[in-house]
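First up is the structure itself, then whatever we jot down about it.
Numbering (the numbering used here), first residue to last: 1 to 313.
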């Protein structure tokens, strides 16, 4: 089954490029609200599910033990641009657990364009703190230290930290995560391909707490609320995630993932959203998620107008 064309790129009156994709929207009762394309096809969610992966940080008590508020929790869910505020906060999170950047196993890479220029001008090289996943990894390490788990090798399949993450992913999405559908993500941790619709179902649960224990419902709400309160820390300057969440502050949670994936939640409507741009193009996925959100929030004309504008770059 070929997914339909969801985005067209035009030059004048001519369609220059097309992006196919699939969209899944579910409510917290597990009922499909809106589906386009093949939502049963397994996809790797990449970084779009970091809020689920951060549940053990809160549920273990580590977040409270280290005094983490919205800023730290948002960074734990982030794919950040490596700007100074991101790097400094990741470093501070590690320091709370008595660690430094040498404990990170996510690898180093250059930050976004502006931050790269500033780093190069200063004659510095990037460290693992500049990795866009350093906040997530800082959260993993804090969870390990607080829980009395040896943190060396925390990125490896079978390590207690990754088992906590896998258990959270399975429980929230309702899909089996095992060796048969696993691979290694860009930041070195295991990732699992499951049907797109399961991520939509999972984020509907994250948005409402439906089917969760009281402790997990509280943790999920805390993480999504932190991201909505601190969108810059979730992404960075000029990023689509920031613009989308700022279109309706406190009402929209969105998180991008590599290869054209987006997950989102609308707590007031009790909806979870997941989409995949087939060719992996971020530009296509950004238009898709903006258009989907505009449709779902069409009752608020001002918000829908802002989102519609973002869907026509």
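C-beta atoms are modelled at their ideal positions from N, C-alpha and C, and glycine is treated no differently.
Endpoints, beta strand (DSSP E) assigned at residue i
{"i": "residue 27", "result": "14-27"}
{"i": "residue 191", "result": "190-192"}
{"i": "residue 11", "result": "5-11"}
{"i": "residue 254", "result": "253-257"}
{"i": "residue 266", "result": "261-266"}
{"i": "residue 32", "result": "32-36"}
{"i": "residue 147", "result": "From DSSP, residue 147 is part of no beta strand (DSSP E) but of the alpha helix (DSSP H) over 134-147."}
{"i": "residue 101", "result": "Premise fails: residue 101 is in no beta strand (DSSP E) and is neither H nor E."}
Member of the options whose CA lies at the smallest distance from the CA of residue i
{"i": "residue 126", "options": "81, 109, 304, 308", "result": "109"}
{"i": "residue 244", "options": "222, 211, 292, 281", "result": "292"}
{"i": "residue 289", "options": "70, 241, 251, 100", "result": "241"}
{"i": "residue 26", "options": "312, 301, 267", "result": "267"}
{"i": "residue 72", "options": "135, 303, 189", "result": "135"}
{"i": "residue 44", "options": "263, 123, 5, 156", "result": "263"}
{"i": "residue 232", "options": "276, 254, 137, 221", "result": "254"}
{"i": "residue 177", "options": "165, 200, 213, 297", "result": "165"}
Unbroken alpha helix (DSSP H) run spanning residue i, endpoints
{"i": "residue 284", "result": "282-296"}
{"i": "residue 52", "result": "50-53"}
{"i": "residue 129", "result": "Neither: residue 129 is in no alpha helix (DSSP H) and is coded neither H nor E."}
{"i": "residue 125", "result": "First-last for residue 125: undefined, no H or E at that position."}
Cβ shell of residue i (< 6 Å), same chain only, five flanking positions each side left out
{"i": "residue 181", "result": "192, 193"}
{"i": "residue 55", "result": "168, 219"}
{"i": "residue 281", "result": "19, 260"}
{"i": "residue 153", "result": "159"}
{"i": "residue 249", "result": "none"}
{"i": "residue 183", "result": "191"}
Residues near residue i in its chain [Cβ-Cβ closer than 8 Å; skip 5 each side]
{"i": "residue 17", "result": "8, 9"}
Contacting residues, own chain, Cβ-Cβ under 7 Å from residue i (five flanking each side not counted)
{"i": "residue 38", "result": "1, 3, 22"}
{"i": "residue 128", "result": "101, 104, 106, 107, 108, 134"}
{"i": "residue 151", "result": "103, 141, 144, 145"}
Residue i and residue j closer than 7 Å at C-beta
{"i": "residue 172", "j": "residue 202", "result": "yes"}
{"i": "residue 195", "j": "residue 32", "result": "no"}
{"i": "residue 63", "j": "residue 57", "result": "yes"}
{"i": "residue 82", "j": "residue 113", "result": "no"}
{"i": "residue 368", "j": "residue 51", "result": "With the chain represented from 1 up to 313, any question about residue 368 goes unanswered, as that position is not in the structure."}
{"i": "residue 137", "j": "residue 236", "result": "no"}
{"i": "residue 285", "j": "residue 308", "result": "no"}
**OP:** Indicate whether the contact test is met: 3 or more Cβ pairs, each with one atom in the region 219-238 and one in the region 66-80, closer than 8 Å.
**Re:** yes
Original post:
Are three or more beta carbon pairs between the region 270-289 and the region 147-160 nearer than 8 Å?
Top reply: no
Original post:
With a cut-off of 8 Å, do at least 3 Cβ pairs link the region 156-171 to the region 117-124?
Top reply: no
Original post:
Does the count of Cβ pairs from the region 84-103 and the region 132-141 closer than 8 Å reach three?
Top reply: Counting Cβ pairs under 8 Å, three or more are found: they touch.
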